[in-house]
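Asker: Right, I'll just put the structure down here and ask away after.
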Amino acid sequence: MKVTKPTILVVNDDGITAPGIKALMDAMAEIGRVVVVAPDSPQSGMGHAITIGKPLRLDQVDIYEGIEMYRCSGTPVDCVKLAVNKIFKGKKPDLCVSGINHGLNNSINVLYSGTMSAAVEGAIEGIPSIGFSLDDYTLQADFEPCIKFVKELALQVLAHGLPQASLLNVNFPGTKHIKGIKICRQAAAKWAEEFDERMDPHKRPYYWLTGVFQLNDGGEDTDVWALEQGYASVVPVQFDMTAHHVIPYLNNWKFNL
4 MKVTKPTILV VNDDGITAPG IKALMDAMAE IGRVVVVAPD SPQSGMGHAI TIGKPLRLDQ
64 VDIYEGIEMY RCSGTPVDCV KLAVNKIFKG KKPDLCVSGI NHGLNNSINV LYSGTMSAAV
124 EGAIEGIPSI GFSLDDYTLQ ADFEPCIKFV KELALQVLAH GLPQASLLNV NFPGTKHIKG
184 IKICRQAAAK WAEEFDERMD PHKRPYYWLT GVFQLNDGGE DTDVWALEQG YASVVPVQFD
244 MTAHHVIPYL NNWKFNL
């Protein structure tokens, strides 16, 4: 009896030549048939942006031998949409994995992340999806310590699936030895933004966004805490943004109409 390998869509937001996607692609190639669709340039911080005002390009490329790869001119979410509609032609892959991102996407960062938005789009399409990120922003990042965790989590999701409308946000500490996995909640935090104002040669101001990460959560069950302790954090997330607990509160309002 022939055993059919799972088909795995690999996407990212750092671009098709980023070391992180190569590490993820190699890990997934040990599990199943890999199809890579990634932006042609870095798309960090794009969130769930899609391209609607200009045409998209999707070109098959031969970067790594034996891997089916496509370069997309759009955002990470565009990559998933094009993969589902034009490459898989409606026959969806068994798994969508995004990353491995150069830099964390824990806590509030999940809202801004192109890596996680690609995984969210996979989940919207009904594909079991995982986003992976490493606490190292450099091109020299060492992904080897997290590879066994990446493969194990992918195998678990393939074996068990995920509840409808949910996906996993996985972050790794930038350490040589990862202690294990912690199932966590998203830490309450925000970015206190600042804008560094400078002047161009025409004496017009321009701005560089900077900021400080402000943690407002001392819990020992959060992704921030787990990463600080040397664990990989796994946070189940959802794309239903309804604040269900607020509905009874609003139903008590008296509208004078």
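When we follow the numbering used here, the leftmost residue of the sequence shown carries the number 4, and every step to the right adds one.
Glycine residues also receive a C-beta, built at the ideal position from the N, C-alpha and C atoms.
Just to confirm, is the Cβ distance from residue 121 to residue 170 under 8 angstroms?
Answerer: Locating residue 121 in the sequence shown gives position 118, where the first residue counts as 1. Locating residue 170 in the sequence shown gives position 167, where the first residue counts as 1. No, Cβ-Cβ distance for residue 121 and residue 170 is not below 8 angstroms.
Asker: Can you tell me the Cα-Cα spacing of residue 125 and residue 211, whole angstroms?
Answerer: Here residue 125 refers to the residue found at position 122 of the sequence shown. Here residue 211 refers to the residue found at position 208 of the sequence shown. C-alpha separation (whole angstroms): 32 angstroms.
Asker: Is the separation between the beta-carbon of residue 39 and that of residue 49 shorter than 8 angstroms?
Answerer: As a position in the sequence shown, residue 39 is number 36, starting the count at 1. As a position in the sequence shown, residue 49 is number 46, starting the count at 1. For the pair residue 39 and residue 49, the CB atoms are not nearer than the 8 angstroms cut-off.
Asker: Buried or exposed: which applies to residue 96, given that a residue is buried once 16 or more other Cβ atoms fall within 10 Å of its Cβ?
Answerer: Counting from one through the sequence shown, the residue named residue 96 turns up at place 93. Flag for residue 96 reads buried.
Asker: Starting from residue 262, trace the alpha helix (DSSP H) in both directions and tell me its first and last residue.
Answerer: This structure cannot speak to residue 262, because the chain is shown only from 4 to 260.
Asker: Starting from the C-beta of residue 220, find all residues in its chain whose C-beta is less than 6 angstroms away, skip the five residues before and the five after it, and write them out in chain order.
Answerer: Counting from 1 along the sequence shown, the entry for residue 220 is found at position 217. Here the set comprises 190, 191.
Asker: Evaluate the contact criterion for the segment 57 to 71 versus the segment 102 to 116: three or more CB pairs, one atom per stretch, below 8 angstroms.
Answerer: no
Asker: When the Cα atoms are used, what is the spatial distance from residue 188 to residue 176?
Answerer: Locating residue 188 in the sequence shown gives position 185, counting from the first residue. Locating residue 176 in the sequence shown gives position 173, counting from the first residue. Computed Cα separation, rounded: 16 angstroms.
Asker: Where does residue 95 fall in DSSP's three states?
Answerer: Counting from 1 along the sequence shown, the entry for residue 95 is found at position 92. Collapsing the DSSP output to three states places residue 95 in coil.
Asker: Can you check DSSP and say which residues form a bridge with residue 196?
Answerer: On the sequence shown, residue 196 is found 193 positions in, with the first residue counted as 1. Beta-bridge pairing links residue 196 to 214.
Asker: Using a threshold of 8 angstroms, state whether the C-beta atoms of residue 23 and residue 137 are closer than that.
Answerer: Here residue 23 refers to the residue found at position 20 of the sequence shown. Here residue 137 refers to the residue found at position 134 of the sequence shown. Contact flag set, yes.
Asker: Do residue 34 and residue 157 have their C-beta atoms closer together than 8 angstroms?
Answerer: Here residue 34 is taken as the residue at index 31 of the sequence shown, counted from 1. Here residue 157 is taken as the residue at index 154 of the sequence shown, counted from 1. In this structure, the beta-carbon distance from residue 34 to residue 157 falls below 8 angstroms.
Asker: Mind checking residue 128: buried by the 16 CB within 10 Å criterion, or exposed?
Answerer: If you number the sequence shown from 1, residue 128 lands on position 125. That one is buried.
Asker: Between which two residues does the alpha helix (DSSP H) carrying residue 84 extend?
Answerer: In the sequence shown, counting from the first residue as 1, residue 84 sits at position 81. Element bounds for residue 84: 79 to 85.
Asker: Just to confirm, is the Cβ distance from residue 30 to residue 133 under 8 angstroms?
Answerer: Mapped onto the sequence shown, residue 30 falls at position 27. Mapped onto the sequence shown, residue 133 falls at position 130. Not in contact: residue 30 and residue 133 (Cβ atoms no closer than 8 angstroms).
Asker: Where residue 20 and residue 259 are concerned, what is the direct C-alpha to C-alpha distance, given to the nearest angstrom?
Answerer: Indexing the sequence shown from 1 puts residue 20 at position 17. Indexing the sequence shown from 1 puts residue 259 at position 256. About 58 angstroms.
Asker: Could you tell me which residues DSSP pairs with residue 235 in its beta bridges?
Answerer: Start at 1 with the first residue of the sequence shown, and residue 235 comes out as number 232. In DSSP, residue 235 forms a bridge with 184.
Asker: Let's test the definition: count the other Cβ atoms within 10 Å of the Cβ of residue 204 and tell me whether it reaches 16, buried, or not, exposed.
Answerer: Within the sequence shown, residue 204 is the residue found at index 201, counting from 1. Exposed, since its Cβ has fewer than 16 Cβ neighbours within 10 Å.
Asker: Which term fits residue 46, buried or exposed, when burial requires 16 or more other beta carbons within 10 angstroms of its beta carbon?
Answerer: Translated into positions along the sequence shown, residue 46 becomes position 43. Buried, because 16 or more other Cβ atoms sit within 10 Å of the Cβ of residue 46.
Asker: Does residue 61 come out as helix, strand or coil in the three-state DSSP assignment?
Answerer: Position 58 of the sequence shown, counted from the first residue, corresponds to residue 61. Strand, per DSSP.
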